[in-house]
Every structure is written in structure tokens, then in C-alpha cells.
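Numbering (the working numbering), first residue to last: 4 to 960.
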């Protein structure tokens, strides 16, 4: 359930402008000014309207009132609500100035617009009185009735509001032809009809009715007035409420093309961004809306929501307070104020706000629904569940609250209860894509089966992932003790792991939308995993599970108070892999320039990075914060911080409490630590990108004696296979600067292209600087030395390259090639292990390691690497065979037999050879009959199978 956009005074601003003055009184100047307002040219419109008001001769009374209504709309659109109200009041005073009359005789449009403004300010009594006066003059005044209907709803009178909204449906049926030319009236009727149909219709009947609202009312409005931007805006809002984002954006974009300065449209687009986790884009739209109308409360509400998602709870509270200041009775605004207070660990403050909401409306369904959604977003599941239930109790007919509660139950693993809620919500609102998606996902998951272990339940699709579930369950139990001991916390009850059949279903199960860019997700109580079997590229699912399980532990351990950066830091630490080389390069580039995060903004790196690299920097720096705490404050520093978060402390308070230092000192010393880390990193930063060919040619023309430019231009020509132009430039560079490395590389490549490796070596060798070797030079030189059979020299050169870049896969792989040709088994295996550590998803190198360790008589190490093969591709029989062989070699015949049996189910090559080994393991376990039966089965198919015959004979002996 997303926030329902509050239908306050801003919605109907200007809807009656077209009715403001009799047709004969509205001259071209007034029509043009109204058009300016519709397309967002508010300042120009006010200037034109002021000129019309001061015209000589003065405008007639009816035209004067029309000008006042248009001025009020323009002022209100830019946040000048007080001035708008004064303009209307002045127009009403002018109408009675010449001769006092009954207020009921005043133009009802003026009273209705005044009522709309009062409603938007939360001045309900004044709004009711003004609407009443408008209706006394015109009982069917649409805007006045619209204000009265919303007042009934705001006070919790659902029956009265229903009757009021139904009046509009009946009115439309009775005045269809008359209404078809009234864009403003069509929009009011459409909004009222939306509310009535949602509350009183279900299933296809409601879906058809809402489609009629779009086609017969909103589309009719824009047909009646092509500048009626509110029509596509309302359509977009309706689509967005049903999570039909594509349709919503189409309509909202249509609205924005008419009026690019409509805060309502900008904020609704921002809400679409929030739905899609595009937080930076949403913030820009909210800020743009406030530039246009600084008092537009929904924009402040959107910023509060974005800040809550960013874990900037104090900023969220400040934004909510601004929204409440505009309308102290706005339930959406009050909900954000209560949510931010709760997230700032101020339960009394949250209760006080709730009391205010209930004082205005004894059944504040909108307040509770919005409060629940924000709390659920930050995994405050218990409080969110309570608020959802209160929202349902306040208005049982709303579908959005049931959908929100259903999503919450999905997050905490209560799927049966979620299923009932989604079915009820979809029956009530078939327009809602999210409800339907979850119904389909739960229908799919109904066939899933569990694998239970002492601490975990692994759910899986029995048509494809039974084997994976079994190994995942074992893996989880194997790391359970390690993680429990590390964090000093045991998860209560069973933790649920769900292996979804494919990525689409994983995304649907996680967010009820088609796609999220990850393969694992944690809600704090449930871990969902996209089945590796459906992935185009295998991945190390064990690493993902360990990362996500760490989130489960730290979130529950801190009662979901841990900030994003810290749970990610501990999850990355738990994986146990070294810092990736790209992170080291990033640190070398960003730390000296102080392009780093601090504790105040690091969460933004995860949630809304300014550039793509920021997210990786956030992960890297979060891990370094955790390591820094241990180094400076002791081995238990990380646990102390977890305990502080469990007690509800903010990060500032936690640092002071745990380490007895101010945050400023903590941050200052952390920067020193980062400098130390960078100093310890030995990695070659990528060469600066060369200028373009045109720039190089210009530079060469300006300075033909520049050796570097000659060399760079030679390389660019060589890269384009223009060898004739490359050679003279390389020669020129070498003449200007003997042994210029890039020029030497180009010339050597030119020699190798004609097969003259000796000449290439002669050029390259003097170009090598042992203190700072050029990557291209050392790479080509080592390759040529190895080709010439000088393996020791090639190894020396690759080690020289590794000196500045020890973890670079390229150099390790090349060393492995040399050690393979040298027959140096131990060095080769060491190289391969470094490669495996560099890439958790590389199954090929793990296969080689398992095979070679087994062949070297090292079955325990072979067992490790074969197991990791299974963690990457559980359905490759090779990993199971190697694991079985390694286990059998260690005398672990029971698990070896199980692995042989598993491998046989995966259609391996030479299955009978495996059956012989299975028979031997069974025999070693004392199962002579089982071994005999297995061998007899082989010999029945292949009587001359040598190994089976020999094994069968040995049994008889």
C-alpha cells in the first residue's frame, strides 16, 4: 500500500474557474489569463489579471468575481494561500458594498472556493460554513458538495461520506449531457465516483466502474478542455494507486506536458519514483514542486517518506512538521510525524501525534494506513502490524490496508495469512496489480515443499530445486554456530529461507513487482533467493545466503534499529573474502581526495548514490568502519555497537556510549585509518585515459618533440590496425626518449606481427623499469620470454608485475601458466587458490583445485574445493563425484556413498564407473549385500566391465 495522495484544497483549485463568470462577461483577456494558469504561467497570469481588475472602465460585477476566482487560483498554485483567501473575501465584500444583501446572495462560486481553501488549511468549521452558504444559493453546487463530502470522511462519518459521494454518481447519470462540456465538474464527479466505487463495489464490477471514471469522466474532461492537465494527473494517480507504474507515468507525463509547473503532478511522479526505489529522482521532483509552491504539503510528505527510506529520521520529522503546519488535521502529514517520532525512539511523541489524529477523526483510517506503511518500510513489524489492523478496523472496506498488511506478513513469513488478505484485497480492488501479483506468487508457492533442520526451514519448488534445498539446509546449519558465536545472538525459532523458482518470482515474492537487481533479499525474518538454476550465469549461493543470514541476525539482534551501513558492513565481513581489487583501486583514488562518506551520509551511498561507484564505495567503507572499530576499540567493539543499536541509540549516541569519544574524534581518526589502509595497498591504479586522436594530433602539431604524445598517437594508430602510421610515430618517440615504454611496446608489437620475436625482445628489455614497470611492457615481455622457453625469467617478470598489484587476477593467472609448464605443483595450486579467492563464482578453478589436490593425495583440501563447486552449481555431477572421491579417500564412506548416489541422479558420464565406487563405499560400510547388488546390476548390463568384475570377485573372496 502506498500513500494515498491527500485530496485537499489543491486538488480542486481552479476547477470552477470556467464557471466563475457568465460567458458574456469573460472577455479575451480573462480567457487568456485562465489559459496561462492552466499551463503553469502563474506570474504572467497574475499580471494580466491585475491589469484587468484595474481596467478603465472597471469590469462589471460578474467579470470582477471571475477575475477574483482566477487570481485566487494563481496565488494558491504558488503557495500564497492567505492572499488567495483575501482576494475572495474582497470580492465578496465588494458584492455587498453598494447595498447590503443576504450573504446567501453572493456568488456561490466564491463561497465554494473559500470553503476549499479552509479545508486545505484544516479549518473544518469555516469550510463547512462556507460550503453551506454556497449550497444555500445553489443546492447542486459541485465544489461545495465535494468539500462537504470530504469533511464527512475526514470526521470519520463513512456512511455520511458514502451517501455524499453517491450523490455525485446520481448527478452524473441525470446530467450527463450538461456535464460533458464542464471539465471542472467532470473532475469533481470523477474523484467522488472513485471513492464511492472503491468503497462499495468489488471485483470486476469495481474494475469496470473505475475504467468508466477514466474514460467517461477524466478523458471527457480533457476533451472538453484540452488544457485540463488535472484529468491525466488524476488518471495517473489512479493507476499508481494500483501499482500500474507504466500507465501512471504515461498519464502523468501527459499532464506535465500541459502544465510543467504543476506541483501535484511532480509530487505524484515522485511517489512513483519512491515505489520504484528511485529515491534521488523522487527527491528532485519534490524539491522542484516546493520551488513552485513552498506550501504544498504533499511535497513535504513525499520528502518525509524519502527521508524515512534514507534512514534520515530527524530530517523526516522536520519535513512532516512542515506538512502539519500547513494543515494540522492532515492525516497523511500526522502519520509521517508519528512514524518519524517512533523511528527516533520517541514512543511518547508518536502516541501524542496519534491522539491528535484521533481527536480530529475517531476513525482515522488514512492516518493508521500511512503510519503502518512507513513503519513497515523500516521493518518495525510489530508496530506496523498493529497500525495496519487499526486502519482495517477504522475502515474495513479499504483494499490498500489489506495489501499492506499482506506484504508485511510476507516479510515475516506468515504466507497463509498473507494469502487470505491478498485474495480479499483483490476481490475488493482488482485494479491493484500488486495484490494480483502476490496472489499469483502465493498460488505458485502453494506447491513448495520444506526441508527442515534444527534451525532453518528451506522452502523450494519441488519441480527443480529439491537438491539445492537439501544442500542449502546443510550449509546453513554448518555456519549457524559460527555466526551465533560471532554475534553472541541466537535467532529465536526457525528462520525461513525461500528458494524462488526464477528471478521474476523472486522479485514478485520480495516486492510484488517484476524486477529487483539482486539475487538475494532479506526482510529481517525471511531470506529469499532466486534459484541459481534459472540464472544465466551460476553464482555462489552459499556466499549470498551467509550475507543475507547475517542481516537476519543483526536486524533481529538490534530489534531492527541497526542502520543500513552497519548491517551491510557486518554482512560483508561475514562473507570472509578479501577486499576486491576494484575496491582497493577506488580507495587509492578517493581517499587522498577525501571523496569519502561519513557516518551522516554513508547510507545514501546504498540508497541513492550520486554515481554508480558510490554504492561500491559505501559497501567498502562500511566494512572499513567495522574493521576500524575493532582495531581502535578492541575485539568486542562491533558487538558493543550492536547492543547500543538494540537499546535504540542513534549512531551519534552509540559512538559516544560505546567508545567514550565524540563523533568528530571518531571520524577524524577514521580518516587517518583510511590513509593507513591506502598506504598498505599495493595496486596499480589504472593508467589515465589518453586524449582522443584529434586532441593528440593537435598536441603533436603544437609540439612535435613531445615523446609521450608521439607514443600515445602511435598506440592509437596501432590499436586501429593502421600499422604504417604507427611505426614512424613509435620510432620518433624512441628517438626523442630512448626506451619510452609505450613506444617500445608498440614497436615490439609491430615486430611480433611479422614474427620477429627476437627483435621485439631487444626493444622491450631495455624499456622495462623494474621500479615502476609499465603494464603493457612487462606483460608482452613476459609472454615472449615464456614463448622462448625462458620460464624462470617469465615468472620473475610476472612476480615483478605482481609487486605493485598482488591480487590482480591477470598476473596470478599468468604465473599459474608458468608454474604449470614448469611442473611446479605446489606453486600452481597456490596460484589457483588465489584465483579462487578473487572470484567466489569461478567454478572452473575450483574444479581444477579439487582434481589436483585429490591427485596429489590431499583429499581434505580436495573436499573443500569440491564442496565449493557444489555451492556454485549444485546440479553439475562433477562436483559431487570429486567430493565423493575426496570423502572416500578419507574413509568417510557414508557421506561418500550419498554423494555418489546424488551424482548418479544428475546423468554423469560413465555412470557404471561411479556405481563401482559406490559399491566400494557400501562395502567399506559393511553393506556387503548392497555392494553386491550394485555390482550385479552393472554386470547385467556390461558383463565385461573390468572394475565391476574385480570388485565382485573381491566380495566373494
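Think of the CB as a built atom: it goes at the ideal place given N, C-alpha and C, for glycine as much as any other residue.
Whole-Å CB distance - residue i paired with residue j, under 8 Å assumed
| i | j | result |
| --- | --- | --- |
| residue 246 | residue 274 | Between residue 274 and residue 246 the Cβ distance is about 11 Å, and since that is not below 8 Å, they are no contact. |
| residue 737 | residue 750 | 7 Å |
| residue 573 | residue 553 | 6 Å |
| residue 417 | residue 445 | Not quite, the Cβ-Cβ distance comes to about 11 Å (not below 8 Å), so this is no contact. |
| residue 130 | residue 136 | Rounded, the Cβ-Cβ distance is 11 Å, inconsistent with contact. |
| residue 753 | residue 787 | 14 Å between Cβ atoms; not a contact. |
| residue 908 | residue 886 | Contact doesn't hold; Cβ gap of about 14 Å is too wide. |
| residue 550 | residue 510 | That pair is no contact at about 18 Å. |
| residue 676 | residue 634 | 7 Å |
| residue 568 | residue 601 | Actually they are not in contact, since the Cβ atoms of residue 568 and residue 601 sit about 10 Å apart, beyond 8 Å. |
| residue 110 | residue 68 | 5 Å |
| residue 46 | residue 40 | Wrong, their Cβ atoms sit about 11 Å apart, outside the cutoff. |
Residue interval of the beta strand (DSSP E) (run including residue i)
| i | result |
| --- | --- |
| residue 533 | 529-533 |
| residue 708 | Element bounds for residue 708: n/a, residue is neither H nor E. |
| residue 524 | 523-525 |
| residue 162 | Element bounds for residue 162: not the beta strand (DSSP E) but the alpha helix (DSSP H), 161-177. |
| residue 452 | 452-455 |
| residue 503 | 498-503 |
| residue 459 | 459-463 |
Cβ-Cβ distance between residue i and residue j below 8 Å
| i | j | result |
| --- | --- | --- |
| residue 134 | residue 150 | yes |
| residue 733 | residue 746 | yes |
| residue 818 | residue 798 | yes |
| residue 302 | residue 289 | yes |
| residue 542 | residue 875 | yes |
| residue 143 | residue 174 | yes |
| residue 55 | residue 33 | yes |
| residue 458 | residue 480 | yes |
| residue 59 | residue 209 | no |
| residue 975 | residue 414 | Because the chain spans 4 through 960 in this model, residue 975 falls outside it and cannot be assessed. |
| residue 610 | residue 282 | yes |
| residue 366 | residue 125 | no |
| residue 425 | residue 407 | no |
| residue 400 | residue 202 | yes |
| residue 464 | residue 478 | no |
| residue 657 | residue 648 | yes |
| residue 296 | residue 43 | no |
| residue 368 | residue 398 | yes |
| residue 862 | residue 892 | yes |
| residue 390 | residue 412 | no |
Length of the line joining the Cα atoms of residue i and residue j
| i | j | result |
| --- | --- | --- |
| residue 243 | residue 429 | 16 Å |
| residue 872 | residue 338 | 50 Å |
| residue 488 | residue 556 | 11 Å |
| residue 329 | residue 272 | 22 Å |
| residue 152 | residue 192 | 12 Å |
| residue 73 | residue 38 | 10 Å |
| residue 679 | residue 579 | 21 Å |
| residue 741 | residue 877 | 56 Å |
| residue 405 | residue 373 | 12 Å |
| residue 535 | residue 544 | 7 Å |
| residue 1011 | residue 584 | As displayed, the chain neither begins before 4 nor continues past 960, which places residue 1011 out of reach and without an answer. |
| residue 940 | residue 903 | 16 Å |
| residue 923 | residue 508 | 43 Å |
| residue 943 | residue 914 | 14 Å |
| residue 709 | residue 755 | 26 Å |
| residue 950 | residue 828 | 30 Å |
Residue range of the alpha helix (DSSP H) that includes residue i
| i | result |
| --- | --- |
| residue 235 | 233-244 |
| residue 739 | 726-739 |
| residue 803 | 794-806 |
| residue 957 | 949-959 |
| residue 41 | 31-41 |
| residue 84 | 84-100 |
| residue 70 | 64-80 |
Min CB distance residue i to chain D below 8 Å
| i | result |
| --- | --- |
| residue 482 | Looking at the structure shown, chain D is missing, and only one protein chain is on hand. |
Contact the segment 317-330 vs the segment 338-357: 3+ CB pairs below 8 Å: With contact defined as three or more Cβ pairs closer than 8 Å, the segment 317-330 and the segment 338-357 are in contact.
Cβ contact check for the segment 664-672 and the segment 703-721: 3 or more pairs under 8 Å: Short answer: they don't touch.
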